[in-house]
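Visitor: The opening position of the sequence shown corresponds to residue 1 in UniProt numbering, with each subsequent residue numbered one higher.
Here it is: the structure, laid out below.
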Amino acid sequence: MRNIETTTINTIRILSAEGIQKAKSGHPGLPMGAAPMAYELWANHMKHNPSDPNWINRDRFILSAGHGSMLLYSLLHLFGYGLTIEDLQEFRQWGSKTPGHPEFGHTVGVDTTTGPLGAGFATGIGMAMAEANLAAKFNKDEYKIVDHYTYAIAGDGCMMEGITSEAASLAGTLKLGKFIAFYDSNKITIEGSTDIAFTEDVGKRYEAYGWQVLQVEDGNDLEAIGKAIQDAKADLEHPSLIIVKTQIGYGCPAKQGKSSAHGEPLGDDNIIETKKNLELPLDKEFHVPEEVYDHMKALQEKGNKEQAKWNELFKEYAAKYADLAKEWEIWTSEELPVDLLNNEEFWTFDNKPSATRAISGQIINKLTKYIPNLFGGAADLAPSTKTYMNDKGDFSAEDYSGMNLHFGVRELAMSAMANGIALHGAHKPFVATFFVFSDYIKPSVRLSALMKLPVTYVLTHDSIGVGEDGPTHQPIEQLAALRSMPNVVTFRPADPRETAAAWYYAITSKETPTAIVLTRQNVPYYEESEKKALKGGYVLVDSDKETPDMILMASGSEVECIYEAAKKLKQDGIDVRVVSMPSMDVFDTQSEEYKESVLPNNVRKRVAIEAAATFGWYKYVGLDGEVIGLDHFGASAPAARVFEEFGITTENVYEVAKKVYAK
């Protein structure tokens, strides 16, 4: 290594170890072993500008092995992203900018939240997909205004997780040559040597996926690392995996290469010994030599020059291709290019019964007329989820300009890639699968929520209405699971206008992922339904009395049960208010006055029905009400028979409502 670079890398190692030691918590092993590859990438190959961390043509960096977060924080400090020494000293403390794992939106310079191993890797492939699509749309031969790479550092744990395999397989199929991953191969996990559970040849596996695989035998050899990065960037036909052989905890004589370096502080004595070994001052904590700061300032200037050059290029591009420049503004703006709320065509539908998944498909194809950057697809289910955008082309290795994504049967990676597309910027992503498989996408939905990403999840075949496929495919507890997740909005619409409301909410959301849960079976068209569905719950049919005798409520296809039961109850002299509740999440955010206007406290006789677990409905029905639902799994039979056997019927609502009224 060159002398100043050796000092800088060793400074990164010690800053990381000291932050963890002060916190008495953390993972020093990865930062100490991977510091050379991270430094070489950031200093000599990665295009980034600390003065403008959100520059759209910057290279993206992901620490997929997010437990090594002190490596990233040390880099952000030295490269001038605004993290101070004091921030490094506050690692893992309340209110600090340096949480235990990197968090997007919390720490400047963090491109994605990582923690669940492999999720960052898959998210990065979504970023690479977004870059490829934008480049195909906007670039001209002489004006490559979209031209950047996505880099990730992954560890042995990432390579074991299934999400990484799913994503890597698709990346190879799509020939995403601008995705470059470093595999920090130190052969150590928490329990010891990886040989106890992981002996495969990772390189051969990735070659089979269609990747370029490069080897660096010595993780401290900057020249070898630099050459591998250059070779990776030169191959635009294949994503690249650079396998870098490192020693966990490098520099600490007592722990280097041992599992004890992975997830516990080195200890004060070992830090002293490490400083001796790395030839750094023993009497100073969180110390950065002045020559290191001077060296880093010179590196920071490169980013300013790169962005200034790009700004000039874009200025020329906008003058020569004015129409494309205007479209670029639309794609990169958070605002919709049209007022959909007052767009009559968007809210108009045929009044014939139809499945909400089919209605959603119509809406998606309406949206493509107004929103050019709608970018999405399904996990090999587009014909069933009705999520194919007509005349928008297919995103493929042969044509990156297509807007329809084909993820294959890879739900887990699909949802992480959607996060990557949203994080990259300039697209409105959506992904789709059957609702029961929301169990596969849930980890990345959670990350969408944590990062406040407006990803739309289209989840069809929403209940026992799936019918013959039986209990393995009939969602029961999934609605309750999604509704319980913070910062996720779940809509289960009952008819076309409610489905339009769900899509309007999703497409205008700026900080919230939206799950749109849709039927396989037909639902009626309600003349009474309205945009008020955007409030989450509303009075679909009111009683004749100022104070109703009772309230019936439901979501989705079960609204038909309460709609029809109310007619029968009226014939018995029981005056009923019918409340449609497409989104509990949204309804709960309304004013107390609005909620009281829909569900007045003085009306205690209430019945709710949903073809799902009853969990969550009791807050609306109270102690005097009843919930009709399914706190058990479904069965295989035609849908109508399954609904009848399990009491998800108008007749059962009528009978239960009469008992509640008679109490």
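All C-beta atoms in this analysis are idealised placements derived from N, C-alpha and C, irrespective of residue type, glycine included.
Out of Leu117, Asp631, His101, which has the shortest C-alpha to C-alpha gap to Val110?
Guide: As a first step, residue 110 is located in the sequence shown; it is residue number 110 there, counting from the start. Of the candidates Leu117, Asp631, His101, the one whose C-alpha sits nearest the C-alpha of Val110 is His101.
Visitor: Using the rule of at least 16 other Cβ atoms within 10 Å of the residue's Cβ for burial, across every protein chain shown, is Phe633 buried or exposed?
Guide: Residue numbering aside, residue 633 sits at position 633 when the sequence shown is read from its first letter. By the 10 Å Cβ count, Phe633 comes out exposed.
Visitor: Between Gln163 and the rest of its own chain, which residues show a CB-CB distance below 7 Å, the 5 nearest in sequence each way excluded?
Guide: What you label residue 163 is simply residue 163 of the sequence shown in a count that begins at 1. Note on identity: in this sequence residue 163 is Ile, with Gln being the wrong assignment. Counting only Cβ-Cβ distances below 7 Å, and skipping sequence neighbours, we find Gly118, Ala119, Ala122, Leu412, Ala413, Ala416.
Visitor: Short check: CB of Phe182 to CB of Ile145, under 8 Å?
Guide: Within the sequence shown, residue 182 is the residue found at index 182, counting from 1. Within the sequence shown, residue 145 is the residue found at index 145, counting from 1. No.
Visitor: Check Lys97 in the structure and name its three-state DSSP category.
Guide: Position 97 of the sequence shown holds residue 97. Coil at Lys97, not helix or strand.
Visitor: Can you tell me whether DSSP reads Gln215 as helix, strand or coil?
Guide: The count along the sequence shown starts at 1 and reaches residue 215 at position 215. Reduced to three states, the DSSP call for Gln215 is strand.
Visitor: How far does the alpha helix (DSSP H) with Glu86 in it extend, from its first residue to its last?
Guide: Along the sequence shown, read from residue 1 onward, the residue named residue 86 stands at position 86. Element bounds for Glu86: 85–89.
Visitor: Since Leu552 is in the beta strand (DSSP E), which residue starts that stretch and which ends it?
Guide: For the purposes of this step, residue 552 is identified with residue 552 of the sequence shown, where counting begins at 1. Its beta strand (DSSP E) spans residues 550–554.
Visitor: Looking only at DSSP bridge pairs, what is Lys140 linked to?
Guide: Counted from its first residue, the sequence shown places residue 140 at position 140. Answer is Tyr143.
Visitor: State the Cα-Cα distance for the pair Met1 and Leu214, rounded to the nearest angstrom.
Guide: As a working mapping, residue 1 is identified with position 1 in the sequence shown. As a working mapping, residue 214 is identified with position 214 in the sequence shown. Because the pLDDT of Met1 is 47, which lies under 50, any placement of that residue in the model is unreliable, and the question is left without a value.
Visitor: Spatial neighbours of Glu90 within its chain, please: CB distance less than 7 Å, with the 5 preceding and 5 following residues excluded, ordered by chain position.
Guide: As a position in the sequence shown, residue 90 is number 90, starting the count at 1. Within the same chain, Glu90 has close Cβ partners Ser96, Thr98.
Visitor: According to DSSP, which residues form a beta bridge with Lys245?
Guide: Position 245 of the sequence shown, counting from 1, holds the residue named residue 245. DSSP, once it has assigned bridges, lists Ser185 as partnering Lys245.
Visitor: Name the residue from Ser259, Tyr505, Val660, Thr246 whose alpha carbon lies nearest to the alpha carbon of Ile196.
Guide: Here the question's residue 196 lines up with position 196 in the sequence shown. Of Ser259, Tyr505, Val660, Thr246, the residue nearest in Cα terms is Ser259.
Visitor: Expressed to the nearest angstrom, what Euclidean distance is found between the alpha-carbon atoms of Glu237 and Glu312?
Guide: As a position in the sequence shown, residue 237 is number 237, starting the count at 1. As a position in the sequence shown, residue 312 is number 312, starting the count at 1. One C-alpha to the other measures close to 29 Å.
Visitor: Going by CA-CA distance only, name the one from Pro548, Gln590, Val539, Asp631 that's closest to Val598.
Guide: Stepping through the sequence shown from its first residue, residue 598 is reached at position 598. Among Pro548, Gln590, Val539, Asp631, the Cα nearest to that of Val598 is on Val539.
Visitor: So, under 8 Å CB-CB, Ala136 and Tyr400 are touching, yes? Tell me the CB distance rounded to an integer number of Å.
Guide: By one-based count along the sequence shown, residue 136 stands at place 136. By one-based count along the sequence shown, residue 400 stands at place 400. Going by Cβ atoms, the distance from Ala136 to Tyr400 rounds to 4 Å, so yes, they are a contact pair.
Visitor: Rounded C-beta distance between Phe407 and Leu170? I'm assuming under 8 Å.
Guide: On the sequence shown, position 407 is the one that residue 407 refers to. On the sequence shown, position 170 is the one that residue 170 refers to. About 7 Å; that satisfies the 8 Å criterion.
Visitor: Is Asn404 helix, strand or coil by DSSP?
Guide: Counting from 1 along the sequence shown, the entry for residue 404 is found at position 404. DSSP places Asn404 in strand when its eight states are reduced to three.
Visitor: With C-beta atoms as the reference, is Asp268 less than 8 Å away from Gln478?
Guide: Taking the first residue of the sequence shown as position 1, residue 268 is located at position 268. Taking the first residue of the sequence shown as position 1, residue 478 is located at position 478. Not in contact: Asp268 and Gln478 (Cβ atoms no closer than 8 Å).
Visitor: Is the beta carbon of Leu534 closer than 8 Å to that of Tyr563?
Guide: For the purposes of this step, residue 563 is taken as the residue at position 563 of the sequence shown. For the purposes of this step, residue 534 is taken as the residue at position 534 of the sequence shown. Taking 8 Å as the Cβ cut-off, Tyr563 and Leu534 do not qualify as a contacting pair.
Visitor: Kindly indicate which residue of Thr189, Lys276, Thr387 has the alpha-carbon position closest to the one of Thr456.
Guide: Along the sequence shown, one-based indexing puts residue 456 at 456. Nearest C-alpha to Thr456: Thr387.
Visitor: Count the other CB atoms, across all protein chains shown, that sit within 10 Å of the CB of Tyr440; report buried if there are 16 or more and exposed otherwise.
Guide: Within the sequence shown, residue 440 is the residue found at index 440, counting from 1. By the 10 Å Cβ count, Tyr440 comes out buried.
Visitor: Would DSSP call Ser388 helix, strand or coil?
Guide: Here residue 388 is taken as the residue at index 388 of the sequence shown, counted from 1. Here the sequence assigns Tyr to residue 388, which means Ser is not the residue at that position. It is coil, neither helix nor strand.
Visitor: Once the 5 residues before and after Leu381 are set aside, which same chain residues still bring their CB inside 7 Å of it?
Guide: Residue mapping note: residue 381 aligns to position 381 of the sequence shown, counting from 1. Only Ala432, Thr433, Phe434 meet the Cβ criterion.
Visitor: By the 10 Å Cβ neighbour count, where 16 or more other Cβ atoms means buried, how is Glu18 classified, buried or exposed?
Guide: One-based indexing of the sequence shown puts residue 18 at position 18. Classification for Glu18: buried.
Visitor: Straight-line CA distance for Asp542 to Glu468?
Guide: Numbered from 1 along the sequence shown, position 542 holds the residue referred to as residue 542. Numbered from 1 along the sequence shown, position 468 holds the residue referred to as residue 468. Rounded to the nearest angstrom, the two C-alpha atoms are 36 Å apart.
Visitor: Are there 16 or more other CB atoms within 10 angstroms of the CB of Val244, so buried, or fewer, so exposed?
Guide: Here residue 244 is taken as the residue at index 244 of the sequence shown, counted from 1. Per the 10 Å Cβ criterion, buried.
Visitor: Going by the beta-carbon positions, is the gap between Asn10 and Gly251 smaller than 8 Å?
Guide: For the purposes of this step, residue 10 is identified with residue 10 of the sequence shown, where counting begins at 1. For the purposes of this step, residue 251 is identified with residue 251 of the sequence shown, where counting begins at 1. Going by C-beta atoms, Asn10 is nearer than 8 Å to Gly251.
Visitor: How big is the Cα-Cα spacing for Asn277 and Phe79?
Guide: Here residue 277 refers to the residue found at position 277 of the sequence shown. Here residue 79 refers to the residue found at position 79 of the sequence shown. Roughly 25 Å separates the two Cα atoms.
Visitor: Run through the stretch 516–601 for me and flag every whole alpha helix (DSSP H) of 4 or more residues, listed as ranges in chain order.
Guide: Taking only runs of at least 4 residues, the alpha helix (DSSP H) segments lying wholly in the stretch 516–601 are 559–571, 584–587, 592–598.
Visitor: Going by DSSP, name the residue or residues bridged to Ser193.
Guide: For the purposes of this step, residue 193 is taken as residue 193 along the sequence shown, with counting starting at 1. Answer by DSSP bridge pairing, in chain order: Ile188.
Visitor: Quick one: what does DSSP say Glu626 is sitting in, helix, strand or coil?
Guide: Your numbering for residue 626 matches position 626 in the sequence shown. Three-state DSSP puts Glu626 in a strand.
Visitor: Which residues does DSSP pair with Ile180 in a beta bridge?
Guide: Numbered from 1 along the sequence shown, position 180 holds the residue referred to as residue 180. For Ile180, which the question treats as bridged, DSSP gives the partners Tyr151, Ser240.
Visitor: CB-CB under 6 Å to His473, same chain, minus the five flanking residues each way: which ones, in chain order?
Guide: The residue given as residue 473 occupies position 473 in the sequence shown. The answer, listed in chain order, is Val436, Val466.
Visitor: Tell me whether Pro429 sits in a helix, a strand or coil according to DSSP, three-state version.
Guide: Working through the sequence shown from its first residue, we reach residue 429 at position 429. Here Pro429 sits in strand by DSSP.
Visitor: Report the rounded CA-to-CA distance for Thr8 versus Ala43, giving the unit in angstroms.
Guide: Residue numbering aside, residue 8 sits at position 8 when the sequence shown is read from its first letter. Residue numbering aside, residue 43 sits at position 43 when the sequence shown is read from its first letter. Cα to Cα, Thr8 sits roughly 11 Å from Ala43.
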